[in-house]
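Peer 1:
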Amino acid sequence: MTGRSRSPATAGAMSALHRDGYLVLRDVLAPATCDGLRAELTPLLRPAGRDPFRSRHVRRVYGVLHNTRAADPLLDHPRVLALLDRLLLPNYLLSQLEVVEVAPGAPASPASYDDHRYPLPRPRPALSIAALWTLGPGTTVTVWPGSHRWPARHPTAPGVPLTPPPGSCTLLLGTLWHARPPQPAPPCLTITAQYCEPWLRTREAFTLSPGRQVARQLSNRTRRMLGYSIHPPDTGLVDGMHPYRLFT
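Read in our numbering, the sequence shown has 805 at position 209, and its numbers run on one by one without any break.
#1: Going by C-alpha to C-alpha distance, which of P777, R745, Y840 and H750 sits closest to P757?
#2: How would you write the range of the alpha helix (DSSP H) that T629 sits in, first residue to last?
#3: Applying the criterion that 16 or more other CB atoms from any shown protein chain within 10 Å of the CB defines a buried residue, is P643 buried or exposed?
#4: Taking the beta strand (DSSP E) that V698 belongs to, which residues open and close that run?
#5: Taking the alpha-carbon of L613 as reference, which of V657, T766, P782 and Y688 has the nearest alpha-carbon?
#6: Within a Cβ cutoff of 8 Å, which residues of the same chain sit near A699, ignoring the five residues on either side of it in sequence?
#7: When the Cβ atoms of the region 786-801 are set against those of the region 683-701, are three or more pairs found closer than 8 Å?
#8: Since T735 and P760 are thought to touch, with beta carbons under 8 Å apart, how far apart are those beta carbons, to the nearest angstrom?
#9: Where does R841 sit, in a helix, a strand or coil, going by DSSP?
#10: Excluding five sequence neighbours on each side, which residues of the same chain lie with their C-beta closer than 8 Å to the C-beta of Y658?
#11: Can you give me the Cβ contacts of P806 inside the same chain, cut-off strictly under 6 Å, excluding the 5 residues immediately before and after it?
#12: Can you check which of these residues, R812, T803 and A753, is closest to W740 by C-alpha distance?
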């Protein structure tokens with residue numbers, strides 16, 4: 597966590613995150629912005645059930661940055677970065693970006709926590725944080741408040757249903773247990789961006805795809821989150837030099 601000063605609103609948000617393991621930021625996106633994102637992203641959704649590991653009720657957009665610029669402003673949104681800057685080390689990375697549509701009839705997903713892929717014992721601080729952008733009604737997630745502090749055990753009691761309103765961004769610490777409940781009507785569309793500590797391997801190799809030509813179109817902050825940055829003293833060098841030289 598950085599030592600920079602914080603506003604009362606940021607201080608309250610940080611307290612809630614540390615207490616509960618999640619936070620809903622309301623009214624981050626205007627209704628017109630949500631409408632525009634749905635119109636831009638829905639045609640990019642791939643067919644559901646494209647492989648045995650994907651539900652026939654769930655459609656996704658992979659390679660978001662390669663296919664559209666619509667989600668760019670969300671990646672470095674100041675209300676989100678104000679919290680990430682205090683939760684993760686400097687030069688933290690974008691680990692994954694995907695668009696997900698869950699159709700009515702989708703079954704519940706099992707409870708899990710995003711940091712399970714990092715084989716370090718619990719309890720411990722979160723190594724990643726997910727930002728779930730809600731673009732329309734119908735989005736629901738089950739959370740277990742305070743479970744980010746648990747040792748290595750699964751939930752045994754029912755979780756708490758959370759229904760973020762359209763235009764909101766929900767932050768989930770990587771150690772928080774959560775699940776997707778059965779999906780009623782209507783279908784829900786979300787953008788999920790996952791961020792991680794700068795010394796971890798990301799879920800998507802963003803320096804390979806979308807590549808430098810697309811990265812040139814992004815903000816300086818987003819470029820650094822794609823991996824064109826250094827974690828001191830020298831993690832991330834290219835030919836012995838800072839990777840940002842690739843853009844000069």
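For each residue, glycine too, the CB sits at the ideal point set by N, CA and C.
Peer 2: Once the coordinates are examined:
#1: Counted from its first residue, the sequence shown places residue 757 at position 161. Cα-wise, what sits closest to P757 is P777.
#2: Position 33 of the sequence shown, counting from 1, holds the residue named residue 629. Run containing T629: P627 to L637, per the alpha helix (DSSP H) assignment.
#3: Numbered from 1 along the sequence shown, position 47 holds the residue referred to as residue 643. By the neighbour-count rule (16 or more Cβ atoms within 10 Å), P643 is not buried but exposed.
#4: The residue given as residue 698 occupies position 102 in the sequence shown. From DSSP, the beta strand (DSSP E) with V698 extends over L689 to V698.
#5: Counting from one through the sequence shown, the residue named residue 613 turns up at place 17. Nearest in C-alpha terms to L613, of all of V657, T766, P782 and Y688, is T766.
#6: Locating residue 699 in the sequence shown gives position 103, where the first residue counts as 1. Taking C-beta separations shorter than 8 Å and ignoring five residues to either side along the sequence, the partners of A699 in its chain run A644, H653, V654, R655, Q779 and P783, following chain order.
#7: The region 786-801 is in contact with the region 683-701.
#8: The count along the sequence shown starts at 1 and reaches residue 735 at position 139. The count along the sequence shown starts at 1 and reaches residue 760 at position 164. Correct: roughly 6 Å between the Cβ atoms.
#9: Walking along the sequence shown from the start, residue 841 turns up at place 245. Helix at R841.
#10: Mapped onto the sequence shown, residue 658 falls at position 62. The beta carbon of Y658 is closer than 8 Å to those of R642 and E694 in its chain, skipping five residues each way along the sequence.
#11: The sequence position of residue 806 within the sequence shown is 210, counting from 1. Cβ neighbours of P806 beyond the five flanking positions: L661 and H662.
#12: Indexing the sequence shown from 1 puts residue 740 at position 144. Distances from the CA of W740 to each of R812, T803 and A753 were compared; the closest alpha carbon is that of A753.
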